[in-house]
Structures are given as C-alpha cells and as structure tokens.
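K.L.:
Protein chains in written order, with our numbering: chain G, 237 to 583; chain Y, 237 to 583.
2 protein chains.
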Amino acid sequence: MIPTIAWQDDYVVMIDQRKLPFKESYVVCKTPAQVISAIRNMVIRGAPAIGVAAAMGLALGAHRIKSQNRSVFERRFRQICEQMGCARPTASNLFWAIESMQQVVTDNPQASVEELKQLIRKKADEVLAEDQAINQAIGHHGQVVVPDGATVLTHCNAGALATAGYGTALGVVRAAWEAGKNIQVLADETRPFLQGSRLTAWELQQDNIPVTLITDNMAGYLMSQGRVQLIVVGADRVAANGDVANKIGTYSVAVLAKENKVPFYVAAPLSTVDLSVATGKDIPIEERDPKEVTHSMGRAIAPHGVSAWNPAFDVTPNRLIHGIITEKGIARKPYKKSLKAMKTQSA
Amino acid sequence: MIPTIAWQDDYVVMIDQRKLPFKESYVVCKTPAQVISAIRNMVIRGAPAIGVAAAMGLALGAHRIKSQNRSVFERRFRQICEQMGCARPTASNLFWAIESMQQVVTDNPQASVEELKQLIRKKADEVLAEDQAINQAIGHHGQVVVPDGATVLTHCNAGALATAGYGTALGVVRAAWEAGKNIQVLADETRPFLQGSRLTAWELQQDNIPVTLITDNMAGYLMSQGRVQLIVVGADRVAANGDVANKIGTYSVAVLAKENKVPFYVAAPLSTVDLSVATGKDIPIEERDPKEVTHSMGRAIAPHGVSAWNPAFDVTPNRLIHGIITEKGIARKPYKKSLKAMKTQSA
C-alpha cells in the first residue's frame, strides 16, 4: 500500500505527488499553514486525501495553540479552520473534515484546552483510519458491477494516492482484481496535471494490475470501437441531486459513455456528498493558474504569451450517471432520495 | 503568411513542425526518401500539406532518375510513387497527389523522359499553388457560417501549417476575421503531438487573431457552459458517405457538440474526399509509437515501462457533421450525393 499521508512524531508527512512517479520524496508539514500550502499546490490532491490532510492539519494547528484559555483556543482554532477552508474550493471533503473537527469542540463544552487538543488529534486519527476502511467498503460494493474480462476506463486518479489508501474508483478496480476478475484498466492521462499518467498508471503498475495509458482525447474513440466495458471515476463533490463535480474531462467521458452505451459509475465516500448543495450548478469550480495549461511538467508547450483557461473541474449531470458507489452501497436514481437516505443512515 | 513548404533551387524545404513554436528551423530534402521520412516523422503534417509534399517529393524523384529510356523511367517513377504511398496511411491527399503525378505520365504517352520530368515538376508546382487558392475558396464559403462575436473551437491544426498556406479550418477563421467579424478561437492542445498548443496557437498569435488554449478535456465543459458557438476542424480523409477521419479526439468533440447543440463543421479540400471508400469503417487508422503518449515533447510523463495506445486518428460519423466546407461550397446531408456532385464538378 502506498503511503499518501501519515503522522511522523507530531508532524504531517505526505508523499509529494507533484514529483511522482519520477521521484519518491516527502513533504513534512510542521504547521497548519504548511498543510494548507501543500493542499493548494497539490502536493496532496484527491477529495478524500484533502479531507484527511485538512483534519490532520487542524490537529497540528490545535496542538500548536499556546493559550490554556478555552475561549482564546476556540477563537484561534476557528481562524485556522477558516484558513484551511480557503485551501481549495471544490472538494467537499475539505469542508466536511473542517466541520467534523469543529464538531469536536462543540460536542465537548466542558473539556479543557489540553483535553480538546487530545480529542481533536484523536478525531484526526479516526478520519485517517476510517478513510481506508471506507474505501475498502466502496470496493466491496462496487466490484459487483465490474464484469469479468472488462476493460475499465478511469479518468484522473481516484486511487490510493487520492485517499488515505486503497482508493475509491481504483478501490473498485482493486476489489474486482482481488475477487479474481480478469480485468484491465485504461487510464486517461488527465492533462494538465497528468494524474492519470503519473499517478494512476504508477499505482496500478505497483500492484501488477494491467494498465494502458491513453491521452484524454482517445477515450471516445476506444469506446466507439467497443474497447471499454465500464467507466469508474471519483468525485470532488456530489450535489444532493447526484450531479457530480470531478476532475476536468469527467463530463466529456460521461457524454461519450452515454453515446456509446458504456455504464458510467462514480465512486466516492459519503463525505463527498454535500446535501447543502442542491445541484451541480451551485458547486464552485476552481480555476487554476493558466501556466498549468501552457506548460506540461514545467516545460512550455505553447508559444510565449498565449492565453489559456484552466478550470480544474467540471460537472457531470446526474442523468449521465448509472450509480454512485459509496461505503453504504450503490446509490441509484433518483439520487435526491437515495443519497439522502444513505447520508442519514451514516450520520 | 507562414511558409510551410517551398522549392529552394531544386530541393524541397519545409519548416520543421516538430520544433515549432520554440525554434524556426528548416529541413532540406534532396531526395524523395528524405521527403518520405519528413512526412513519416511529422516534420510536415496535415493532409493537404502531406499531399503537396508528396507531389514535390515525386517531382524531386523524377528529376533524379538518370535513365533517358522512357520505360525504365516509368518503372523507377512507379517505384518511388509506391514508396511515397507508404509514408502514412490515413491522409487521403497523399494518395490523391501520387495519382495526380502518375496521371501526368499516363496523359503524355509520347513525351520524352526530359519532357516528362518538366511536366511532372510543372504539376507539382500547380499542386503547391492551387492548394493556397483552394484554402482561400474554403475560407470564402465557410466564413458565412461563423456568427459575428463567436467563439470558434478547433482541434489539432488545420491551418497554414497543415496546407500550402492559409489553412482549411483556420482558413474559415481567417476569412471570417478578414470579413471584420469579431471572433475568437479556442484551441484544443491536441495531445500527444500538441498541434493545437504548438501550431494553432502560434499561427493565430502571428496573425493577431485572439486565441485561448485549453487542454483537450476542457472542450466539453466549455460547450456545456455556452462558451462555444461553432466548431470547425480539418480532415485527413472523408469517405463517400461523409464520415470523416481526422486527428484523434475529433470524434469526442463532435459527440460533445451534438450533446450541447453546437454546430460542428469540417473544412477540407475535395482532394481529401475519397469516393473509393464507402464509409469511415474502411479508412485505415494509423497507430503511432506509444512513446508519443508516454512522453510529452520528448520527456517522460508516465512511469517507465507502462503500456500505451496511440491511434493517431478517429472517425466522426456523418450524422454528427453539420456541413463539409470545400472549395466548391458547403456539402450538406446526404453527403453521398452532395460530395459526389462536387467531386464530379471539380474533376
């Protein structure tokens, strides 16, 4: 299992995903500001992993607050939470993690500052530990939709590196593989950040699961040739109606799947489902530095001075989604009902 | 105007499109084998430009045949034509150009070897000169479908660099711009060879036509946001029924255009229309070196040893195409009838 994020003494250590697969190096975060920066700069990415990193970053922040005065502590902790909430705008898990950590404070009105620090750290440890278990449950529920002999296409990286381990979309792949199914994976390279070619291909190679790399614009052609039997992707935020924000290009894959009658599934923990957002239209879509588009791995691929757009996510409407695979089972249409039932059950 | 290909004394000179936009260097071809190699290695690319290069390469080959015996000349010239036909498999214009040059031999049964050499060179000069005029006619007919104020999306490079000058899809853009329409272009980067980011962006920048670069997987999202009013692409081969083989990813753009009700046009000279091929299923699709996918501009973007697929083209079915803009006007459905009429008219 690839270590995405871990405690090392009282510091948060992450594998630097910007450098993979060419270099296995680690970033050590000693302050919540360093964790925020690591999230923003994509040292760590993937909605569940961002949630875990935020929880751990807040525990780090709580630990570093010097005051023993509870109301001073609460105010400072709230400030750190607010800063953490600005790290990236789209992934639901970031806000879910922040709320979960703040809930510890609310739920323990009599606790001393030292007790709160311990409870917050305990909660962060739980978020970290639970994420792997949740992914294994997603894999367990999801692998039933993977036909034996299938070629499974995925976009971006919703794998061990996007989570505390095992993965969501790749958790489904891993569970199908562990169940003895003879499958192979088609990985979209996922420009501009190349999560598919750098991370998904590397992860699957490490696990000896057959993987073939393609450019993003090849997915449709291969579907039209009958060479894709299933599509599974992750999610950054799922609206109450089942619209899914995920890595840019996911919407295109979903439209091409519909055109070619290939089942299209989303795999995500319920922490990615945001019932406070009615539809995908209300999900904020991050726009990142155009330099990511005019460059590839730091090298210019376009003439100097050319304009570029860089929306990091898109929204796939619920009608294009066959099912949303969660740790509680597969949510089906109408999602408004099925997702709400699962969230209530999990709460 | 950017010089794609030209005679320099008795040699064929091409701008090296592998190096653009970072370096303006030229490849000088002194033998037909060097022209074949330049086509195969994509020093020059784009169906019309490949046709022009083939014609000029054959004239070069004819010039170098030493025998004054006509039947020996014919046999040697036929061999060179056969070798030229193996340069790349998909672009129709290559085969059209070879046939046009062979026709010169057939049409002049009494000519001496020296006369044939001159006639062949004259024909190559005509192919070169006519291509620009054809592109301007394509622009003239096509620009009427470009709404004032439109954002026009294009894939790959069907510009001056893909032709003897002016371009097919970008010919339509240039003609609309010259007609005073306030338009802007969205350029898909077009992995793996990056014709969009390296060539289309550069060409338009040189002409001061507003251009914004996106990754291939952003096109669908921008269409869904109502930010694209028209799509125009080139073609490598058009079947008798109007199915279009073009750069990998074109099919995906066409499906996304249908989903989002954006008009999708193809711009191509009639030399790209191959009436001998009934449907797109019969068009051979080139598969290129997987290294183009595992690398970007020569640099690895994936773990060592990973598998990759690299189909260089895909086929867009005629039902997804609003019109095929040729030098004789815009062919509309049913294409079997309209294309045949135009081809007959042009012959």
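The beta-carbon is built from N, C-alpha and C at its ideal position, and this holds for glycine as well.
Express the C-alpha separation of G:Val279 and Y:Arg535 in angstroms, rounding to a whole number.
P.N.:
C-alpha separation (whole angstroms): 21 Å.
K.L.:
Starting from G:Gln319, follow the beta strand (DSSP E) in both directions and report where the run begins and ends.
P.N.:
Looking at the DSSP string, G:Gln319 is not in any beta strand (DSSP E); the run it does join, the alpha helix (DSSP H), is Arg306 to Met320.
K.L.:
Just verifying my parser: in three-state terms, what is the DSSP assignment at G:Lys359?
P.N.:
Helix at G:Lys359.
K.L.:
CB G:Ala327 to CB G:Thr508, shorter than 9 Å?
P.N.:
Contact flag set, yes.
K.L.:
Just the C-alpha distance for G:Leu458 and Y:Ile275, rounded to the nearest angstrom, thanks.
P.N.:
Taking the straight line from one Cα to the other gives about 26 Å.
K.L.:
At a CB-CB cut-off below 9 Å, which residues of chain Y make contact with G:Ala269?
P.N.:
Correct list: empty, because the minimum Cβ distance to chain Y is about 31 Å.
K.L.:
Rounded C-beta distance between Y:Gly478 and Y:Ile557? I'm assuming under 8 Å.
P.N.:
Their Cβ separation, rounded to whole angstroms, is 6 Å, which keeps Y:Gly478 and Y:Ile557 in contact under 8 Å.
K.L.:
Using a Cβ-Cβ cutoff of less than 8 Å, which residues in the same chain neighbour Y:Met533 once the five nearest sequence positions on both sides are dropped?
P.N.:
Correct list, in chain order: Leu430.
K.L.:
Can you tell me whether DSSP reads G:Met250 as helix, strand or coil?
P.N.:
Here G:Met250 sits in strand by DSSP.
K.L.:
Could you pull the DSSP bridge partners for G:Pro547 from this structure?
P.N.:
Looking at the DSSP assignment, G:Pro547 forms a beta bridge with G:Glu523.
K.L.:
Which residues in the same chain have their Cβ closer than 7 Å to the Cβ of Y:Ala411, if we skip the five residues on either side of it in sequence?
P.N.:
Result list for Y:Ala411: Gly375, His376, Gly378 and Gln379, in chain order.
K.L.:
For the alpha helix (DSSP H) that contains G:Tyr402, what are its first and last residues?
P.N.:
Element bounds for G:Tyr402: n/a, residue is neither H nor E.
K.L.:
Could you give the C-beta distance for Y:Val474 and Y:Ile560, rounded to a whole number, given that I count them as a contact under 8 Å?
P.N.:
With a Cβ gap of about 6 Å, Y:Val474 and Y:Ile560 count as contacting.
K.L.:
Using a Cβ cut-off of 7 Å, pull out every chain G residue sitting near Y:Thr207, in sequence order please.
P.N.:
Lying outside 237 to 583, the shown extent of chain Y, residue 207 of chain Y is not represented and no answer is given.
K.L.:
If the criterion is Cβ atoms closer than 9 Å, does the pair Y:Met320 and Y:Gly293 meet it?
P.N.:
In contact: Y:Met320 and Y:Gly293 (Cβ atoms closer than 9 Å).
K.L.:
When you compare each of G:Glu425, G:Arg311, G:Val480 and G:Tyr487 to G:Asp518 by their alpha carbons, which one comes out closest?
P.N.:
Comparing Cα positions, the closest option is G:Val480.
K.L.:
Could you name the residues of the region 458-492 of chain G whose beta carbon sits closer than 7 Å to any beta carbon of chain B, in the order they occur along the chain?
P.N.:
In summary, chain B is missing from the structure at hand, where the protein chains are G and Y.
K.L.:
What runs of the alpha helix (DSSP H), each 4 residues or longer, lie entirely inside the region 447-496 of chain G?
P.N.:
With a minimum length of 4 residues, the continuous alpha helix (DSSP H) runs that stay inside the region 447-496 of chain G are 455-460 and 486-495.
K.L.:
Using the three-state DSSP reduction, which class does Y:Ala445 fall into: helix, strand or coil?
P.N.:
Reading the sequence as shown, one finds Ile at residue 445 of chain Y and not Ala. Here Y:Ile445 sits in coil by DSSP.
K.L.:
Excluding the 5 residues flanking G:Thr451 on each side, which residues of the same chain have their C-beta closer than 7 Å to its C-beta?
P.N.:
Glu425.
K.L.:
May I ask you to list, following chain order, the residues of the region 397-412 of chain G that have a beta carbon less than 7 Å from some beta carbon of chain Y?
P.N.:
If the cut-off is 7 Å between Cβ atoms, the region 397-412 of chain G has nothing near chain Y.
K.L.:
Roughly how many whole angstroms lie between the Cα atoms of Y:Thr436 and Y:Ala365?
P.N.:
Roughly 22 Å between the two C-alpha positions.
K.L.:
If you reduce the DSSP assignment to three classes, tell me which class G:His376 lands in.
P.N.:
Helix.
K.L.:
Which chain G residues sit within Cβ distance under 8 Å of Y:Asp525?
P.N.:
Under the 8 Å cutoff, chain G gives no residues; its nearest Cβ is about 13 Å from Y:Asp525.
K.L.:
Are the C-beta atoms of G:Gly456 and some chain Y residue less than 9 Å apart?
P.N.:
It does: the Cβ of G:Gly456 has a partner Cβ on chain Y nearer than 9 Å.
K.L.:
Quick one: is Y:Gln441 near chain G, going by C-beta distance under 9 Å?
P.N.:
Yes, Y:Gln441 counts as interfacial toward chain G.
K.L.:
Are G:Arg427 and G:Val529 close, meaning C-beta to C-beta below 9 Å?
P.N.:
In contact: G:Arg427 and G:Val529 (Cβ atoms closer than 9 Å).
K.L.:
In the DSSP assignment, the beta strand (DSSP E) including Y:Ala584 goes from what residue to what residue?
P.N.:
For chain Y, the structure presents residues 237 to 583; residue 584 of chain Y sits outside this window and is missing.
K.L.:
Take the Cβ of G:Gly462 as the centre, count every other Cβ of all protein chains shown within 10 Å, and call the residue buried at 16 or more, exposed below.
P.N.:
Classification of G:Gly462: exposed, given that the 10 Å Cβ count is below 16.
K.L.:
Who are the neighbours of G:Val447 on chain Y, taking C-beta pairs under 8 Å?
P.N.:
Simply Val542 and Ser543.
K.L.:
Determine, using beta-carbon pairs with one atom in the region 561-571 of chain Y and one in the region 377-396 of chain Y, whether at least three such pairs fall under 8 Å.
P.N.:
With the cut-off at 8 Å, the region 561-571 of chain Y and the region 377-396 of chain Y touch.
K.L.:
To be precise: take each residue of the region 261-290 of chain Y, compare its Cβ to all Cβ atoms of chain G, and keep it if any distance is under 9 Å. Which residues remain?
P.N.:
Residues passing the 9 Å Cβ filter: none.
K.L.:
Assign Y:Met237 to one of two classes, buried (16 or more other C-beta atoms within 10 Å of its C-beta) or exposed (fewer than that).
P.N.:
Note that Y:Met237 scores 48 on pLDDT, short of 50, meaning its location in the model is unreliable and no value can be drawn from it.
K.L.:
So, under 8 Å CB-CB, G:Leu330 and G:Ile272 are touching, yes? Tell me the CB distance rounded to an integer number of Å.
P.N.:
Going by Cβ atoms, the distance from G:Leu330 to G:Ile272 rounds to 10 Å, so no, they are not a contact pair.
K.L.:
Go ahead and label Y:Arg434 buried or exposed: buried means 16 or more other beta carbons lie within 10 angstroms of its beta carbon, across all protein chains shown.
P.N.:
With 16 or more other Cβ atoms within 10 Å, it is buried.
K.L.:
Give me the DSSP bridge partner(s) of Y:Ser532.
P.N.:
Partner(s): Y:Arg535.
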